[in-house]
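J.: I am attaching a structure below and will ask some questions about it afterwards.
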Amino acid sequence: MLALLCAGPVQAQFDPALVPIFSIWDVKLGQPVSQVPDMEVVDIACGTNGGPPAQMIGTFANFAKCAPEPSGLHEIYFANDDEIDYIAKAMESEYKVLQGGTSIYAHPVIVSVLVDDSGIVRGIRVVTDERASLRERRVAVTLARNLKGRYGSWKQTCENIPLQPGENRVGNQFEHELCTADNMEIGQRMRLESSYLRKKGQETINTETQKVNQGYFQSQTRLEVVEAPYEPVQPPA
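The opening position of the sequence shown corresponds to residue 11 in our numbering, with each subsequent residue numbered one higher.
Structure follows, in structure tokens:
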């Protein structure tokens, strides 16, 4: 690492070695959670329905320390090892997909596995990270396009959800789409929701300062894939 940092600018080239050793796409539904490698990820913790981590548990084997969701599944959060971030930045890599910690398709995300009481992985959850920069948050809704393509072989049903009471457009823009799909060949269900809007209370103008409230909007993509008979859960209100 020190040698890279001291070597000066390096011409940006794609290096397969910079791809994360283990990512959410490597999780196999139906396998014991003990097969998810502790040493190839970091920050293993109890999840919060797609939010930031709660109690750190150190190893996937401690999944039972996390209270189950109403579905009965335990959400276990993890993050990608960020060492490759520092390498990519030191190399001045033009491949943004390699940067940003835990990310997919260049979008910072929060990822977790869903585990039943017997320790079997029954699902995965991917939610765009609201702790990201303002610019990254603004385009988080577009991750849905990549994910729809990833599951393109599944017969998806998509619907546009209208503005709900208290919600507003962001300027003249608004998007809220929900896609679902069943793949009975492998016994899995998918739920993909994306939104770009102002939630109730996210006012455009600060009434005291009369200035624009920066960042007062929701731009989010949320994916959940589970094994039947489990059902993907609703996002928190």
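Just so it is clear, CB atoms sit at the ideal spot from N, CA and C, and this is done for glycine as well. Everything numeric in this text was worked out from a predicted model, so none of it was measured.
Please confirm if the region 139-148 is in contact with the region 112-121, defined as three or more CB-CB distances below 8 angstroms between the two stretches.
T.: These segments touch.
J.: Which of helix, strand or coil does DSSP assign to residue 54?
T.: As a position in the sequence shown, residue 54 is number 44, starting the count at 1. Residue 54: strand per DSSP, three-state reduction.
J.: What does the Cβ neighbour count give for residue 242, buried or exposed, with the cut at 16 atoms within 10 Å?
T.: Taking the first residue of the sequence shown as position 1, residue 242 is located at position 232. Residue 242 should be labelled buried.
J.: Residue 162 to residue 154, Cα distance in whole Å?
T.: Taking the sequence shown and counting its residues from 1, the one referred to as residue 162 is at position 152. Taking the sequence shown and counting its residues from 1, the one referred to as residue 154 is at position 144. Between residue 162 and residue 154, the C-alpha separation is close to 12 angstroms.
J.: List in chain order: all unbroken alpha helix (DSSP H) runs of 4+ residues lying wholly within the region 112-195.
T.: Listed in chain order, the complete alpha helix (DSSP H) runs (minimum 4 residues) inside the region 112-195 are 144-148 and 153-160.
J.: Using the C-alpha atoms, what's the distance from residue 44 back to residue 70?
T.: Against the sequence shown, residue 70 aligns to sequence position 60. Against the sequence shown, residue 44 aligns to sequence position 34. Answer to the nearest angstrom: the Cα atoms are 6 angstroms apart.
J.: Considering Cα atoms alone, identify which of 61, 191, 123 and 178 is closest to residue 48.
T.: As a position in the sequence shown, residue 48 is number 38, starting the count at 1. It is 123.
J.: Where does residue 202 land, buried or exposed, given buried means 16+ other C-beta within 10 angstroms?
T.: By 1-based counting over the sequence shown, the position of residue 202 is 192. So residue 202 ends up on the buried side.
J.: Determine the closest residue to residue 114 out of 232, 238, 67 and 199, with distance taken between C-alpha atoms.
T.: Position 104 of the sequence shown, counted from the start, is the residue given in the question as residue 114. The option with the nearest alpha carbon to residue 114 is 232.
J.: In whole angstroms, what is the alpha-carbon distance linking residue 172 and residue 88?
T.: To locate residue 172, count along the sequence shown from 1; it is residue 162. To locate residue 88, count along the sequence shown from 1; it is residue 78. Their Cα atoms are separated by approximately 34 angstroms.
J.: Kindly identify the DSSP beta-bridge partner or partners of residue 42.
T.: The count along the sequence shown starts at 1 and reaches residue 42 at position 32. BP columns for residue 42 point to 130.
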